[in-house]
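Enquirer: The opening residue of the sequence shown carries number 3 in our numbering; numbering runs sequentially from there.
Built from N, CA and C at the ideal position, the CB exists for glycine as well.
This is the structure I want to talk about, given as structure tokens.
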Amino acid sequence: MNSTFIPRSEEIGNSDAAEDLYGLGVRLGFYLQALAMILYMFGDRKTYGTGLKIASGSITVSILASWFSYAAQAQFSPSEAIIVLFYLTSLSLPAKYTLINPRTIKGESIGVFTLILTELATCAALLWTFATLVDTLPRLETPNLGFFFAPVSLTGWFRYLALAYFVIDATTSLISVSKMFQVLHIAWKPDGSSESESLSSDKEEQIKELIMWKGWLIYVAGLYWVFSIVAIETTLVWNHLTPLNDLGSPGQLIPFVTGVILLLDSIAVVAREHFIRYLEMANPICDYWLFVLWLLGQGYRIQLRYKLSFLRKLPYPRDEESGVWLRNKSESRSSC
């Protein structure tokens, strides 16, 4: 009897989810977008976050829509569901502090609503996953393991610890969402100013006090970004999942290219900001050394003039036969 051999990697998980939700291009795209959001916080305080809300939020919304479709139809395993949510949260944490810029918020209200939608949907998905989906979703031959600095079962104690954490996270997210609505209200509240997209200084101060942005949050976002990457990649390995690694597929290429473009733009913004700052710091030093070089040049010119004047005072050699004074040695040699 003939039997068809099916590799183990093809039997585990959902092949469609491996392509649509956590393929290599999708994961790399979100990793790069999250890194770009973190780098933007080191750039120009006046313009950071401009134009990023729609670009990043639209891809996040599409991934979340697909995730809810798979979850409602029980078409993927709990470990696959958690992988997708982890890379979404790795982006949402820095995005909350990068995109809410008081100076650019007025002209990007649609992007802020997109950010609010993704924040609420991600929190709901995390609570739904650890409350019920880890029990109701099919395992699809996966060991059903997650990452907590070691392999842990998703149906054991880790489930309740994660559920408690995400309840707290959802509470803080609701507070953040309420602040976003207050920010929009302040930004669009008529105050008799011009119709431009820039805010008055009073409104900017109100929004800053409302957001209460802290510098140390940059480093928290960076650490969480690293933790998320480690958790996602180890969960893939421990559950023997085989995501699609073909970057030529449109579903992989779109988020990957978006991540690359945002990362390059963030590097350019940070480099320009710090390069200008270093130039401003270096200007006094450069002026000092230019002055020193000018003084040395003037001293060298004075020395040359002194030598020339001294040479002019020396008597020229005289031709003994004609008695004519010779101006240089060549004339004296020719006379000889």
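(1) Do you know offhand how far residue 175's Cα is from residue 117's?
(2) Near residue 14, which residues of its chain fall below 8 Å by C-beta distance, leaving aside the five closest residues on each side in sequence?
(3) By how many angstroms is the C-alpha of residue 186 removed from the C-alpha of residue 258?
(4) Look up residue 149 in the DSSP assignment and give the residues it is bridged to.
(5) DSSP state of residue 257, grouped into three classes?
(6) Cβ of residue 20 within 7 Å of Cβ of residue 66?
(7) Is it the case that the Cβ atoms of residue 160 and residue 233 are separated by a distance below 7 Å?
(8) Would you kindly work out how many angstroms separate the C-alpha atoms of residue 197 and residue 127, rounded to a whole number?
(9) Out of 156, 266 and 114, which one is the CA nearest neighbour of residue 40?
(10) Got a sec? Which residues, its chain only, sit under 6 Å from residue 264 by beta carbon, not counting five neighbours each side?
(11) With a 10 Å radius around its C-beta and 16 neighbouring C-beta atoms as the bar for buried, classify residue 270 as buried or exposed.
(12) Measure the alpha-carbon distance for residue 147 versus residue 85 and round it to whole angstroms.
(13) Closer than 6 Å: is that where the CB of residue 159 sits relative to any heavy atom of the ligand MN?
(14) Taking 7 Å as the cut-off, decide whether the C-beta atoms of residue 140 and residue 223 are in contact.
(15) Let me check understanding here. Comparing Cα to Cα, which of 136, 120 and 225 lies closest to residue 90?
(16) Just reading off the alpha helix (DSSP H) that residue 23 is part of, what are its end residues?
(17) For residue 233, report the span of its alpha helix (DSSP H) as first-last.
(18) Would you say residue 220 and residue 43 are within 7 Å of each other, going by their C-beta atoms?
(19) Is it right to say residue 151 is buried, meaning 16 or more other beta carbons lie within 10 angstroms of its own, or is it exposed?
(20) Residues in the same chain with beta-carbon distance under 6 Å from residue 331, minus the five sequence neighbours each way, listed in chain order, please.
(21) What distance in whole Å lies between the Cβ atoms of residue 59 and residue 113, which are believed to be in contact at a cut-off of 8 Å?
(22) On the criterion of 16 or more Cβ atoms from any shown chain inside 10 Å, does residue 29 qualify as buried, or is it exposed?
Expert: Put simply:
(1) 11 Å
(2) 142, 143, 144, 241, 242, 243 and 244
(3) 31 Å
(4) 153
(5) helix
(6) no
(7) no
(8) Confidence is the limiting factor: at residue 197 the pLDDT is only 48, short of 50, which leaves the residue's position unreliable, though a coordinate-based value still follows. For residue 197 and residue 127, the distance between alpha carbons rounds to 39 Å.
(9) 266
(10) 35 and 38
(11) exposed
(12) 11 Å
(13) As far as ligands go, the structure on display features none, and thus does not contain the ligand MN.
(14) no
(15) 120
(16) Residue 23 -> no alpha helix (DSSP H), and no H or E assigned at all.
(17) 219-240
(18) yes
(19) exposed
(20) With a pLDDT of 45 at residue 331, under the threshold of 50, the predicted position of this residue should be treated as unreliable, though the coordinate-derived value follows. Around residue 331: no qualifying Cβ.
(21) 6 Å
(22) buried
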